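Below is one structure; the comments refer to it alone.
Numbering (this note's numbering), first residue to last: 9 to 330.
Below, the structure written as structure tokens:
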């Protein structure tokens, strides 16, 4: 019993459960539907969810630090609106637009992190305010959808990169590169070690001399950067900016991170788990699409049930709570 408890408390255990669940879902889908396990269907999981993977990466760092960021979906939508307006109305070069959007998202997230730390406010409230602010700013730009016709964005939308007998989109490739960078940051950099320490116990981290305030600000700045980058990828995908883009995406990102094995209490989990969490959500959507008789709302029902299960499993079999 002690051995079982020790194994289930290991950092890799909940992440491994997610991988097993993903493999089981793929096997079931392959048995039930012809073509489900084809190379392109599997690659489409990455193509269709590239923006969600990038957001989940940023959310993973925030949750590991013991916080939460409810603004990411709204920041994504605002990024698409700013990019579309700068391209279509202001005539800015696309590369400059992308840089401006990424810097803006980082600044937005960093400002929320500073408010959380220096005013000692709850991340839930601050980022909720950030969500409302970002959504509102979308409609200051335009209440209608803005179509993107820039040649670079159109090319990024239509390009197919050959891969293992199928193809990936540039957005999916960018998301994978971002994931690799995030894994390095989390496990091989001083910033990553500080994030885990702050999430594990903020007071102890401060007593060890870690820059708690700087770490918090950087975590939320990184989350804002990821949300803005996801907005750029979403712009490639949709070729439009719209204030209603990505509604509820912040909840999907939280679900992906938790299902991927990261504890909501912080300090425990793997950034790489965001990939397995996103793939689980994408596989659920694909299974429902292949079935053809179920409403798309079943996606939310299944994800909600899974989230309940993973939260209970983490509580009962994970590490002792603080």
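Glycine included, every Cβ here is placed at the ideal spot set by N, Cα and C.
Just so it is clear, the structure is predicted and the values come from calculations on it, not from any experiment.
query = Under the three-state reduction of DSSP, which class applies to residue 242: helix, strand or coil?
reply = helix
inquiry  = Rounded to the nearest angstrom, what separates residue 303 and residue 86 at their Cα positions?
reply    = 29 Å
inquiry  = Assess contact between the region 70–77 and the region 261–270, defined as three or more Cβ pairs (one per stretch) separated by less than 8 Å. Is contact present?
reply    = yes
task = Pull up the distance between the alpha-carbon of residue 53 and that of residue 143, whole angstroms please.
result = 27 Å
inquiry  = Quick check on this structure: which residue in 206, 48, 105, 31 has the alpha carbon closest to the alpha carbon of residue 70?
reply    = 206
According to DSSP, residues forming a beta bridge with residue 154 = 249
message = Measuring alpha carbon to alpha carbon, tell me which residue in 318, 324, 272 is nearest residue 25.
response = 318
task = Write down every uninterrupted run of the alpha helix (DSSP H) in the region 174–248 whose length is 4 residues or greater and which is fully enclosed by it, in chain order.
result = 178–196, 198–208, 210–215, 220–246
ask   = If you count every other CB in all the chains shown that lies within 10 Å of the CB of residue 309, and 16 or more means buried, which is it?
value = exposed
task = Mark residue 151 as exposed unless 16 or more other C-beta atoms lie within 10 angstroms of its C-beta, in which case mark it buried.
result = exposed
Residue 59 versus residue 193: straight-line alpha-carbon distance, rounded = 20 Å
request  = Return the Cβ separation of residue 51 and residue 176 in integer angstroms, given the expectation that the two are a contact with Cβ distance under 8 Å.
outcome  = 6 Å
key: Among 299, 161, 181, the one whose alpha carbon lies nearest that of residue 170   = 181
query = Can the beta-carbon of residue 280 be found less than 8 Å from the beta-carbon of residue 62?
reply = no
ask   = Which residue or residues does DSSP assign as beta-bridge partners of residue 171?
value = 174
query = Taking buried to mean at least 16 other C-beta atoms within 10 Å of its own C-beta, is residue 301 buried or exposed?
reply = exposed
ask   = Shortest alpha-carbon distance to residue 135 belongs to which of 220, 35, 232?
value = 232
query = Taking the alpha-carbon positions, what's the residue 277 to residue 97 distance?
reply = 44 Å
query = Using the rule of at least 16 other Cβ atoms within 10 Å of the residue's Cβ for burial, across every protein chain shown, is residue 220 buried or exposed?
reply = buried
ask   = Under three-state DSSP, which class holds residue 22?
value = helix
C-alpha distance - residue 141 paired with residue 251, whole-angstrom precision = 12 Å
task = Could you check what DSSP says for residue 270 in three-state terms: helix, strand or coil?
result = coil
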